[in-house]
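Residue numbers (the working numbering): 742 to 1143. The beta carbon of each residue, even a glycine, is placed where N, CA and C say it ideally should be. Heads up: the structure comes next, in structure tokens.
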Amino acid sequence: MCCMDDYCNEVEEPVFANETIEDQEANMFLEVHTTQQDATVCKRVKRKVQTKLSSLAMKMVEHGPYEFDFDPTEVGDLFDSVSQLLSREPSLLQLAADVWIYGNLDGSYATVYRWLHSNGWPPKRKVLFLGGYTADGRYYSLETITLLFALKKQMPNHVYLLRGAAEVYPMNIEGRFSRRVTRCLEGVIQRACGYLPLAATIADTIFCCHGGITPRMTKLSDITDIRRPIHHVRKGTIAADLIFSVVSKSAGPIAGARGRRFNPMCDETELVLRGLGMEMLIRSRNPVKQGYQARFALVTFSEQNSFGARTLSIWSAPGESSCKAGAAIHVNCSKVLTIVKMAEYGTFTKEQLENAQIDHANEAHLPMNKDRERKKKKGAAKTDVKKKSSENSNRETRKPLR
742 MCCMDDYCNE VEEPVFANET IEDQEANMFL EVHTTQQDAT VCKRVKRKVQ
792 TKLSSLAMKM VEHGPYEFDF DPTEVGDLFD SVSQLLSREP SLLQLAADVW
842 IYGNLDGSYA TVYRWLHSNG WPPKRKVLFL GGYTADGRYY SLETITLLFA
892 LKKQMPNHVY LLRGAAEVYP MNIEGRFSRR VTRCLEGVIQ RACGYLPLAA
942 TIADTIFCCH GGITPRMTKL SDITDIRRPI HHVRKGTIAA DLIFSVVSKS
992 AGPIAGARGR RFNPMCDETE LVLRGLGMEM LIRSRNPVKQ GYQARFALVT
1042 FSEQNSFGAR TLSIWSAPGE SSCKAGAAIH VNCSKVLTIV KMAEYGTFTK
1092 EQLENAQIDH ANEAHLPMNK DRERKKKKGA AKTDVKKKSS ENSNRETRKP
1142 LR
């Protein structure tokens, strides 16, 4: 991690003209350097010297993608303060272009660092997360959602969070604190998630949500008029459709579930998008093995869509839910979409992934594997020589029987 003083001198004042930031420590986000981490976060890192940073977001970024030793009082205060911040935002966010969009993270704490290190940290980049921050059974879900909420508190005009299916269910953080503290924190986090917005529009042409769209939505004001907090998402409501809907070949309600099925290829979805005045839908929720999946409509009523697809499903947690890669989308000021893919280990573009089909049979020909095999052979030869010499010495010292 580089020294913060070097970056504070380089920051220009206009960057923070529209920001509500507690102190100048946020300048650290303009140039943050981390190392590439794999899908598994290793261990808790104990610091010999206590940090001098005051903001929780700053302390977590300084600490890196490892298990963080939380102060439960500080975590509770964070989610309470962000709840008040989210309550002042509308249920439907209206964002300008030049924004990065991320899908499900599924508690992959190290992946958040990899994405932001690769594409840029706020406030240098404006980011929109589509929900799905935690996952049941993922130990580092607490670090993931806490970092995102801390970034939201630090830079509210550059970090935007939507509500996903994972944020509807109670979060399980057993094993981190005492039973009483755990129960209190789970309630605080659940209440804060009830204030999360449900959808967002980008440049008045792209509609973003976690689940999908349904015929219940006839105009954007139907979403704007939804009151929050929503502590119980009821089946048959627009909020349930935005959060729980899934892509399917057939449209209609899902038995025993709160969402609906919608087919991006059918005319019904096309009419809903037209009624909302949108040209494209970007969603998450469904695991996508290659990171993203584009659905093309049979009829296109606008030629301004630079990508050509009507529905884009993205998944930003490589290695989770049997997904080989993750994806993020950048919408620039010209409304041109750029999809960046990230493999479970390393970051690659679409062309690199297509041209780098790994053949496991040829892995032995790699230089690093050749050296590894050579060392193994030398080690095996040395052990064989030692065994033979020890056997010979035992034979010489052994006395013949009379």
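Thinking C-beta only, is residue j closer than 7 Å to residue i?
| i | j | result |
| --- | --- | --- |
| Ile964 | Tyr1033 | no |
| Gly952 | Ile930 | no |
| Phe948 | Pro813 | no |
| Ala703 | Leu834 | Nothing about residue 703 can be read from this structure; the chain reaches only from 742 to 1143. |
| Ile840 | Ile943 | Checking the sequence, you will find Val at residue 840 rather than Ile. Contact flag set, yes. |
| Phe890 | Val823 | yes |
| Phe820 | Glu884 | no |
| Cys1064 | Ala838 | no |
Exposed or buried, what is residue i when buried is set at 16 or more other beta-carbons lying within 10 Å of its beta-carbon?
| i | result |
| --- | --- |
| Glu880 | The sequence shown places Tyr at residue 880, not Glu. Tyr880 comes out exposed. |
| Thr792 | exposed |
| Arg968 | exposed |
| Gln825 | exposed |
| Ser1054 | buried |
| Arg1024 | buried |
| Asp982 | buried |
| Pro911 | exposed |
Under a three-way DSSP split, which group does residue i fall into?
| i | result |
| --- | --- |
| Glu927 | helix |
| Gly872 | coil |
| Trp841 | strand |
| Leu903 | coil |
| Gln1031 | coil |
| Arg1024 | strand |
| Trp862 | coil |
| Met1083 | strand |
| Val1077 | coil |
| Ser795 | coil |
| Glu815 | helix |
| Cys934 | helix |
| Phe948 | strand |
| Leu834 | strand |
| Arg804 | For clarity, residue 804 is His in the given sequence; the question names Arg instead. Helix. |
| Ile914 | coil |
| Ser1054 | strand |
| Arg1036 | strand |
Hey, how far is the Cα of residue i from the Cα of residue j?
| i | j | result |
| --- | --- | --- |
| Val1077 | Leu1022 | 14 Å |
| Pro1028 | Arg920 | 33 Å |
| Met958 | Val1013 | 7 Å |
| Ser796 | Gly805 | 14 Å |
| Ser1062 | Met1083 | 15 Å |
| Ser832 | Leu937 | 8 Å |
| Gln895 | Val909 | 24 Å |
| Phe863 | Gly873 | Contrary to the premise, residue 863 reads as Pro rather than Phe in this sequence. If you take the alpha carbons of Pro863 and Gly873, they lie about 20 Å apart. |
| Cys934 | Arg904 | 7 Å |
| Thr1010 | Pro956 | 8 Å |
| Glu1085 | Pro1059 | 5 Å |
| Ala1035 | Val868 | 21 Å |
| Ser849 | Pro970 | 26 Å |
Write down the C-beta distance between residue i and residue j rounded to the nearest angstrom, noting that I regard them as a contact closer than 8 Å.
| i | j | result |
| --- | --- | --- |
| Arg1026 | Val974 | 14 Å between Cβ atoms; not a contact. |
| Trp1056 | Asn845 | 6 Å |
| Leu871 | Tyr843 | 7 Å |
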